[in-house]
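Here the structure comes first, spelled out in structure tokens, and everything after it is commentary.
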Amino acid sequence: MTNPVPMAEIWRGPILESVHMGHAVICDDTGQIVQAWGDPETTVLPRSSAKMIQALPLLTSGAAAANGLGTEHFALACASHNAAAIHVGRVQAWLDHIGKTDDDFRCGPQEPRDLDIRDTLIREGRAPCRIHNNCSGKHAGFLTLADHLGAGPDYVDPDHPVQKACKAAFEEVTGEDSPGFGIDGCSAPNFATSLHGMARAMAFFAAARDGAGTQQSAAATLRDAMTACPELVAGEGRACTELMRAMGGRVALKTGAEAFFIAIIPERKLGVALKITDGGTRGAECAIAAILVKLGLLDADHPATRKFLNAPIRNFAGLVTGAIRPAGAFA
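Residue numbering for the sequence shown is 166 to 496, as defined by the working numbering.
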């Protein structure tokens, strides 16, 4: 087993203060590793970076077509959103369309990341609802699929038909039998795989073509929805949204909890997966930006890039005290 390697450094003035270690893999559409850092076979939980895989059965089952779902629904199914008005309003409309309510969700309530919505709830003396959960778009997809399959309401149970379909899709696109799962923050199972397997899955999404079979058509639709609606996949100020915009829709990006990140690169049929071992999101954002710059897909001097790569660190007085920089092979 190869140890994790330095991926991002935190500098305070001239002093190296902290280092984020991790693993990363770039995979092509044949499933082969193009480049790797650290241990490509390390077992990982991709967390929310797997949402586009979890959304595949929504399309391949016919549930999406039967319910007239479109691009915005698919972007939300892949999203870890801020619960801004553009997110909550669309998820509520989706619930109304399929005849469901907030109580049908199995994810828990979550304080909105969007400050306007959060402050409105506080002023009105209302508690956050399940629809404010960053995964509510994914769960709207689960509900839609469960109804289409005629299955029961507990769609997050690992033995529920929805989760069995998600596991089957996950194992198919990663090319590996999953060794197990953990329960995600939204209560759904999150299946484990190797980092290589996750990069292989992202390369499948990168190379997928509409009309080349049910699974490929679904993957292409989800990928293209993400790049068409970056504001729905995360939200203002978020790395996924800002970096996708900076690349003009050429690359689909998705973060996951505990410092996971993926990239789907259609024009090169490449998939990227990375994991920062200490769970520090700032390290994952810096590392994915560094890889994209290294591949010539992201301008190192774009204002969005500069927020995450070689980004200044300021103290409470606004003074620049240091920076976060790519480390090792990324430097």
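We treat Cβ as the ideally placed atom computed from N, Cα and C, and that holds for glycine.
Asked, Found
"Nearest to glutamine 200 by CA position, among Leu457, His304, Pro477, is which residue?", "Leu457"
"Measuring CA to CA, which of Gln197, Pro491, Ala357, Ile429 is closest to glycine 137?", "Outside the shown range of the chain, which is 166 to 496, sits residue 137, and nothing can be said about it."
"Would you call leucine 484 buried or exposed, if buried means 16 or more other Cβ atoms sit within 10 Å of its Cβ?", "exposed"
"Apply the 10 Å Cβ neighbour rule to leucine 280 and answer buried if 16 or more other Cβ atoms are within range, or exposed otherwise.", "exposed"
"So who's on the other strand from proline 491, going by DSSP bridges?", "Ala173"
"Tell me the rounded alpha-carbon separation between leucine 439 and isoleucine 453.", "7 angstroms"
"Would glutamine 328 be called buried (16 or more neighbouring beta carbons within 10 Å of its own) or exposed?", "buried"
"Pull up the CB-CB distance for alanine 229 and leucine 223, whole angstroms please, since I reckon it's below 8 angstroms.", "5 angstroms"
"Name the two residues that bound the continuous alpha helix (DSSP H) containing glycine 254.", "250 to 263"
"Among residues of its own chain, excluding the 5 on either side of threonine 167, which ones have a beta-carbon nearer than 6 angstroms to its beta-carbon?", "Gly203, Asp204"
"Would you check if the distance between the CB atom of proline 477 and the CB atom of alanine 465 is smaller than 9 angstroms?", "no"
"Please confirm whether glycine 400 and asparagine 298 have their CB atoms less than 9 angstroms apart.", "no"
"With C-beta atoms as the reference, is glutamate 182 less than 9 angstroms away from isoleucine 175?", "yes"
"Please confirm whether phenylalanine 369 and alanine 357 have their CB atoms less than 9 angstroms apart.", "no"
"Here's a check: name, in chain order, each residue in its chain whose Cβ is nearer than 7 angstroms to the Cβ of arginine 365, leaving out the five neighbours to either side.", "Cys192, Gly196, Thr339, Gly340, Gly436"
"Whose C-beta lies closer than 6 angstroms to the C-beta of alanine 244 among residues of the same chain, with five residues either side of it excluded?", "Gly302, Leu397, Val398"
"According to DSSP, simplified to helix, strand and coil, what is serine 245?", "coil"
"Name the residue from Arg374, Asp267, Cys294, His467 whose alpha carbon lies nearest to the alpha carbon of alanine 305.", "Asp267"
"So, are the CB atoms of isoleucine 151 and alanine 371 less than 9 angstroms apart?", "Nothing can be reported for residue 151, as the shown portion of the chain is limited to 166 through 496."
"How would you write the range of the alpha helix (DSSP H) that glycine 448 sits in, first residue to last?", "446 to 459"
"Leaving out the 5 sequence neighbours to the left and right, which residues in its chain are closer than 8 angstroms to histidine 467 when beta-carbon positions are compared?", "Ala411"
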